[in-house]
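Notes to accompany the following structure.
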Amino acid sequence: MNMSKSRCDVSKRIGFTATVSSYSSTWSRGTLVYDVVITNVGNGYNPSTGVFTAPTAGEYVFFVNVQSYSTQSIYVDVVLNGVTKVRTMAYNGGGSEYYEAGPNLVVLTLQKGDRVWVKHYSGKGYQINGPITTFSGFLL
9 MNMSKSRCDV SKRIGFTATV SSYSSTWSRG TLVYDVVITN VGNGYNPSTG VFTAPTAGEY
69 VFFVNVQSYS TQSIYVDVVL NGVTKVRTMA YNGGGSEYYE AGPNLVVLTL QKGDRVWVKH
129 YSGKGYQING PITTFSGFLL
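Yeah, the sequence shown ends on 148 if you go by our numbering, and it's all consecutive.
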């Protein structure tokens with residue numbers, strides 16, 4: 009293997025992780041806005057809207073995790089330009105007061121300017137707990 013050809017152009021690094029600043033027992037529609045940025049290399053993620061906009065074309069990995077609120081269940085989708093790509097759920101079928109977490113990961117081919125976000129599908133509410141409800145993405 010020729011290691012001299014295996015270099016990463018640091019000027020093209022893109023990646024983000026964000027979480028939520030508070031819980032909601034009633035959230036039940038629209039985009040889940042992860043308003044606390046942990047990292048945002050390349051500035052593709054907008055914490056005001058919850059939308060990642062691809063600064064460059066390429067293969068991207070996205071990871072979402074959502075934690076249910078108390079006795080509730082929540083389902084969310086990872087969306088590319090308005091089209092659902094994957095779904096996850098944190099399902100509390102027992103009705104007891106405990107919290108479930110639902111992760112999912114997807115690799116997407118994006119063009120410059122494509123938009124990716126997390127949106128509500130079904131159920132309501134989400135929890136923070138340290139932060140567990142997160143949204144991440146990076147360019148391969």
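Every residue gets a Cβ at the ideal spot worked out from N, C-alpha and C, and that includes glycine.
Proximal residues to residue i (C-beta, below 6 Å), its chain only, five neighbours per side dropped
i: residue 71; result: 113 and 144
i: residue 119; result: 65
i: residue 43; result: 29 and 55
i: residue 61; result: 52 and 123
i: residue 33; result: 77 and 133
CA-to-CA distance, residue j to residue i, given in whole angstroms
i: residue 84; j: residue 77; result: 13 Å
i: residue 92; j: residue 41; result: 17 Å
i: residue 133; j: residue 82; result: 7 Å
i: residue 31; j: residue 147; result: 29 Å
i: residue 50; j: residue 21; result: 7 Å
i: residue 95; j: residue 47; result: 24 Å
i: residue 89; j: residue 125; result: 8 Å
i: residue 107; j: residue 67; result: 33 Å
i: residue 130; j: residue 86; result: 13 Å
i: residue 63; j: residue 121; result: 6 Å
i: residue 128; j: residue 38; result: 6 Å
Coarse secondary structure for residue i, derived from DSSP in three states
i: residue 127; result: strand
i: residue 23; result: strand
i: residue 140; result: coil
i: residue 145; result: strand
i: residue 107; result: coil
i: residue 134; result: strand
Contacts around residue i, its chain only, beta-carbon distance under 7 Å, and the 5 residues preceding and following it disregarded
i: residue 141; result: 27, 28, 73, 74, 75, 134 and 135
i: residue 25; result: 46, 47, 142 and 144
Segments of 4+ residues assigned as alpha helix (DSSP H) that fall wholly inside the segment 78-102: none
In chain order, each beta strand (DSSP E) run of at least 3 residues that lies wholly inside the segment 27-78: 44-49, 59-61 and 66-75
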